[in-house]
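Chemist: First the structure, then my questions, so here it is.
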Amino acid sequence: MEKFTKLVSTAIPLNIENVDTDQIIPARFLKATNKKGFGDNLFRDWRYTQAGEKDTSFVLNNDSYTGSILIAGTNFGCGSSREHAAWALSDYGFKVIVSSFFADIFKGNSLNNGLLPVQVSEAFLNRLFELTNADPNVNFEINLDAQSLSVLDTNESEFFEIDPYKKLCLLNGYDDIDFLISKKETIKQFEISRA
Amino acid sequence: MKKTLFDKVWDAHVVDSIENGPDILYIDKHLIHEVTSPQAFNELEERGIPIFRPDQIVATADHNTPTLNQHLPIKDDLSRNQLDALSSNCQKHGITLYKLGHKYNGIVHVMAPELGITQPGMTMVCGDSHTSTHGAFGTIAFGIGTSQVAQVFASQCLLLEKPKSLRVTVNGTLRPGVLPKDVILYIISQLGTNAGTGYFCEYAGDVFENMSMEGRMTVCNMSIEMGARGGMIAPDQTTFDYIQDRKFAPKGEAFHESVAYWQTLPTDEGAEFDKEYFFDASEIEPMLTYGTNPGMGIKINGNIPKINDSSFKKSLEYMNFEAGASLLNTPVNYVFIGSCTNSRIEDFRIAAHYIKGRKKANNVTAWLVPGSKQVEAQIQEEGLKTIFEAAGFELRQPGCSACLAMNEDKIPSGEYCVSTSNRNFEGRQGQGARTILASPLVAAATAIEGKIIDITKHLN
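Have a look at this one:
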């Protein structure tokens, strides 16, 4: 997994609540057996019309908005456990998702792929939407070590929570498999103890 | 200290705890299917890591399988490739696979309980959010992502923060025509789609005590639709009777020993939950959803609420419904009875009982998709197939089918589908398709009438 320490970027606002993983990546695109290329179909049915044309009213098709931060409405990533949603967001180029609430499985999947879910207060989220709506070029800084999301031009900032173990993993680029394998003897002992 | 059902099962599976970090939780059974496993197999292969406990993994093909002509080669290249990958991965690693056409093949959350793989007090995972279904047995069962599938492959364990506890109690007697599906749709409509996020939910009270295992599975299945990673119901005599004599259930003395342990699992009197909700069974009526998440539900004879919110408006626009309107008399051209929520034998018995002697409306395409080969066989043995065919319903072969429309079973754009599945998300049943979630009884009645009717006025 890639390390994550700090990111400065503009952001793309997706002011929709309860964005489910079927919207992030529809089921018909889950037939691959590798992790690559899912970004092409990220938000497929919002990005393209049924005739396959770009829907210019959708924010990802608005050229004014760029950057590797997605700011989304509350309860982002609900529904299906498909990790393809995290792969699609990463593959498209996102490194951070900001919302006021994340669904459990999506949050775990993101963290396991070096995609940082930053949970902020409802009020701060609304402020971020306000700022990005007014100016697509506003820059944000996400500092994982300090657990802060800051607006570079205005000095507004909010602290965000993250599981200390997961933070350590992201800062160092570790994943859970290495850790679990290092515990194999303990796991075997546990199996013997309950047999 | 007084413990909940969840505490007892969780604590019995903690291998170790990391200071200021997660627990290492041991997983008894790992279910896999073709869509969320290939990348996990690849990951292990690339890193040269062996599968730690292949005999604790069971595989089935369900998400991406056709529901017609399963004996023929699969036409779609990508689907076939994914199923072939599952077969070769299972063969390479010595994992039991019930592939397409096998007598035990079926939707992962239907086939595992009916084979007795699911047992009280276990921990079970699967790369599928509806793994919560197995909680009906007093099992800690939850959906995981593919990275976690790889972790379980490598170590039979997961690193997890212990979730908080939530209990939903429903007491009283259900009204006629109110099914387990209505109970869970009602709960979600009251609590919303994220009330359970970060929690494991226990369902308690006479309504669940009096429910069949099939009904309990329907309820626990949809726990994830209110955000809860899993749902659980205390094991009791109904649970033990269901498990006894199933293929992988403990036999003879071992069964009695197991039951003795299972009887210790229910939540201790006075154990505390982080959050509790109480509902009165008599308040619940047959339910319908009108929007694009499962929390957007109303009583069948109710009206769509009026909410001034852009996400709400977007949702109604997608569904082509008006705020304040009733759903009664909405013409419906598609009906789907199936999915891991409602594709067990009891669901088809309920549908057949209503359908018997009636005919499907001409405008309706009605798909009945059994959850497993065993359910399919039972439909035939019990004579339900004859009833369905006489009424003009199309009985297909087992699989996830139109619940997520990964295969050919798609609802056309703009069409309403009254569906017994679990998600009414935009495009879930096909691009532009409009899903109305309901019980198998409401779905059957819709197919007969060609429109939504108030089922409470049509019961004998």
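Protein sequence lines correspond, in order, to chains A and B. 118 is the number of the first residue of the first sequence in this note's numbering; add one for each residue after it. 1351 is the number of the first residue of the second sequence in this note's numbering; add one for each residue after it. Note that the Cβ used here is the ideal one computed from N, Cα and C, for glycine as well.
1) Would A220/A count as contacting chain B if we go by Cβ distances under 8 Å?
2) P143/A CB to nearest chain B CB: under 8 Å?
3) Evaluate A1500/B with the Cβ neighbour count: other Cβ atoms within 10 Å of its Cβ, from every protein chain shown; 16 or more gives buried, anything less gives exposed.
4) Three or more C-beta pairs under 8 Å: does that hold for the region 1442-1455 of chain B against the region 1539-1559 of chain B?
5) Would the region 1669-1684 of chain B and the region 1695-1705 of chain B be scored as touching if the rule is three or more Cβ pairs under 8 Å?
6) From I1695/B, D1556/B, G1641/B, pick the residue whose C-alpha is nearest to that of R1778/B; which is it?
7) Just to confirm, are T1483/B and E1552/B a CB contact at a threshold of 8 Å?
8) Please look up how many angstroms separate the CB atoms of L1381/B and C1476/B, rounded, as I've assumed it's under 8 Å.
9) Taking the C-alpha atoms as reference points, what is the distance between G1546/B and N1643/B?
10) Tell me the DSSP bridge mates of L1447/B?
11) Cβ atoms of L1809/B and P1463/B: under 8 Å apart, would you say?
12) Would V1719/B and I1695/B be called neighbours here (beta carbons separated by less than 8 Å)?
13) Helix, strand or coil for C1551/B, going by three-state DSSP, please let me know.
14) Could you spell out the range, first to last residue, of the beta strand (DSSP E) harbouring P130/A?
15) Beta-carbon separation of Y182/A and P234/A under 8 Å?
16) Alpha carbon to alpha carbon, how far is G1780/B from A168/A? Give it in angstroms, no decimals.
17) Contact criterion: CB-CB distance below 8 Å. Does G1371/B meet it with respect to chain A?
18) Quick one: what does DSSP say D1373/B is sitting in, helix, strand or coil?
19) So A1752/B packs on W1717/B, CB below 8 Å; how close in whole Å?
20) Whole angstroms is fine: what's the gap from T1806/B's alpha carbon to S185/A's?
21) Closer than 8 Å, CB to CB, is P1388/B near chain A or not?
22) Buried or exposed: N1419/B, going by 16 or more other Cβ atoms within 10 Å of its Cβ?
23) Specify the secondary structure class of M1576/B as computed by DSSP and reduced to three states.
24) Looking at the unbroken alpha helix (DSSP H) that takes in M1461/B, where does it start and where does it end?
25) Nearest-angstrom Cα distance between L232/A and K301/A?
26) To which residues of the same chain is N178/A closer than 8 Å at the C-beta, ignoring the five residues directly before and after it?
27) Out of G1456/B, V1609/B, G1733/B, Y1376/B, which has the shortest C-alpha to C-alpha gap to S1689/B?
28) Would you say the region 1781-1800 of chain B touches the region 1757-1771 of chain B, given that touching needs at least three Cβ pairs under 8 Å?
29) So F155/A and Q140/A are in contact, right, with Cβ under 8 Å, and what is the actual spacing, rounded?
30) Using the C-alpha atoms, what's the distance from L1509/B back to P1388/B?
31) Whose C-beta lies closer than 8 Å to the C-beta of G274/A among residues of the same chain, with five residues either side of it excluded?
32) Name the chain A residues that come within less than 9 Å of V1385/B, Cβ to Cβ?
33) My assumption, with CB atoms under 8 Å, is that P1530/B sits in contact with V1569/B. Please give the rounded CB distance.
34) Which residues mark the beginning and the end of the alpha helix (DSSP H) in which Q1781/B is found?
35) List, in chain order, every chain A residue whose beta-carbon is nearer than 9 Å to that of E1731/B.
36) Starting from S1769/B, trace the beta strand (DSSP E) in both directions and tell me its first and last residue.
Modeler: Walking through what the data contain:
1) Against the first sequence, residue 220/A aligns to sequence position 103. Chain B, which has a Cβ nearer than 8 Å to the Cβ of A220/A, makes this yes.
2) For the purposes of this step, residue 143/A is taken as the residue at position 26 of the first sequence. Yes, its Cβ sits closer than 8 Å to a Cβ of chain B.
3) Within the second sequence, the letter at position 150 stands for residue 1500/B. Looking at its Cβ environment, which holds 16 or more other Cβ atoms inside 10 Å, A1500/B is buried.
4) no
5) no
6) Here residue 1778/B corresponds to residue number 428 of the second sequence, with the count starting at 1. Residue G1641/B is the option with its Cα nearest to R1778/B.
7) Residue mapping note: residue 1483/B aligns to position 133 of the second sequence, counting from 1. Residue mapping note: residue 1552/B aligns to position 202 of the second sequence, counting from 1. The answer is no: Cβ separation not under 8 Å.
8) Counting from 1 along the second sequence, the entry for residue 1381/B is found at position 31. Counting from 1 along the second sequence, the entry for residue 1476/B is found at position 126. Confirmed, about 4 Å.
9) Taking the second sequence and counting its residues from 1, one reaches residue 1546/B at position 196. Taking the second sequence and counting its residues from 1, one reaches residue 1643/B at position 293. Answer to the nearest angstrom: the Cα atoms are 15 Å apart.
10) Taking the second sequence and counting its residues from 1, one reaches residue 1447/B at position 97. Partner(s): A1409/B.
11) Reading the second sequence from its first residue, position 113 is the one you call residue 1463/B. Reading the second sequence from its first residue, position 459 is the one you call residue 1809/B. It is not a contact, given that the beta carbons lie outside the stated cut-off.
12) Numbered from 1 along the second sequence, position 369 holds the residue referred to as residue 1719/B. Numbered from 1 along the second sequence, position 345 holds the residue referred to as residue 1695/B. Not a contact, by the Cβ cut-off of 8 Å.
13) As a first step, residue 1551/B must be located in the second sequence, where it is residue number 201. C1551/B falls in the strand class under three-state DSSP.
14) As a position in the first sequence, residue 130/A is number 13, starting the count at 1. Counted as a single uninterrupted DSSP element, the beta strand (DSSP E) harbouring P130/A occupies residues 128-131.
15) Locating residue 182/A in the first sequence gives position 65, where the first residue counts as 1. Locating residue 234/A in the first sequence gives position 117, where the first residue counts as 1. No, Cβ-Cβ distance for Y182/A and P234/A is not below 8 Å.
16) Counted from its first residue, the first sequence places residue 168/A at position 51. Counted from its first residue, the second sequence places residue 1780/B at position 430. Distance between the alpha carbons of A168/A and G1780/B: 14 Å.
17) Against the second sequence, residue 1371/B aligns to sequence position 21. Judged by the 8 Å Cβ criterion, G1371/B is in contact with chain A.
18) Counting from 1 along the second sequence, the entry for residue 1373/B is found at position 23. The answer is strand: DSSP assigns D1373/B an E or B state.
19) Here residue 1752/B is taken as the residue at index 402 of the second sequence, counted from 1. Here residue 1717/B is taken as the residue at index 367 of the second sequence, counted from 1. Correct: roughly 6 Å between the Cβ atoms.
20) Your numbering for residue 1806/B matches position 456 in the second sequence. Your numbering for residue 185/A matches position 68 in the first sequence. When rounded, the distance between both Cα atoms is 52 Å.
21) For this step, residue 1388/B is matched to residue 38 along the second sequence. With 8 Å as the cut-off, P1388/B counts as an interface residue toward chain A.
22) Start at 1 with the first residue of the second sequence, and residue 1419/B comes out as number 69. The residue in question, N1419/B, is exposed, as its Cβ has fewer than 16 Cβ neighbours within 10 Å.
23) Start at 1 with the first residue of the second sequence, and residue 1576/B comes out as number 226. Secondary structure at M1576/B: helix, using DSSP grouped into helix, strand and coil.
24) For this step, residue 1461/B is matched to residue 111 along the second sequence. Run containing M1461/B: 1458-1464, per the alpha helix (DSSP H) assignment.
25) Taking the first sequence and counting its residues from 1, the one referred to as residue 232/A is at position 115. Taking the first sequence and counting its residues from 1, the one referred to as residue 301/A is at position 184. Taking the straight line joining both Cα atoms gives about 27 Å.
26) Translated into positions along the first sequence, residue 178/A becomes position 61. The answer, listed in chain order, is R164, K171, D172.
27) The residue labelled residue 1689/B in the question sits at position 339 within the second sequence. Here the closest residue by C-alpha is G1456/B.
28) yes
29) As a first step, residue 155/A must be located in the first sequence, where it is residue number 38. As a first step, residue 140/A must be located in the first sequence, where it is residue number 23. F155/A to Q140/A, Cβ: 14 Å. No contact.
30) Indexing the second sequence from 1 puts residue 1388/B at position 38. Indexing the second sequence from 1 puts residue 1509/B at position 159. Spanning the two alpha carbons is a distance of roughly 21 Å.
31) Taking the first sequence and counting its residues from 1, one reaches residue 274/A at position 157. The sequence given here places Ser at residue 274/A; Gly does not occur at that position. Excluding residues within five positions, the ones whose Cβ falls inside 8 Å are S265, L266, S267, V268.
32) Translated into the one-based positions of the second sequence, residue 1385/B becomes position 35. The contacting residues are A144, L147, K148, R199, H201.
33) To locate residue 1530/B, count along the second sequence from 1; it is residue 180. To locate residue 1569/B, count along the second sequence from 1; it is residue 219. Contact flag correct, Cβ pair sits at about 5 Å.
34) Within the second sequence, residue 1781/B is the residue found at index 431, counting from 1. Neither: Q1781/B is in no alpha helix (DSSP H) and is coded neither H nor E.
35) What you label residue 1731/B is simply residue 381 of the second sequence in a count that begins at 1. In chain order: nothing, as chain A lies at least about 32 Å away.
36) Taking the second sequence and counting its residues from 1, one reaches residue 1769/B at position 419. Its beta strand (DSSP E) spans residues 1766-1769.
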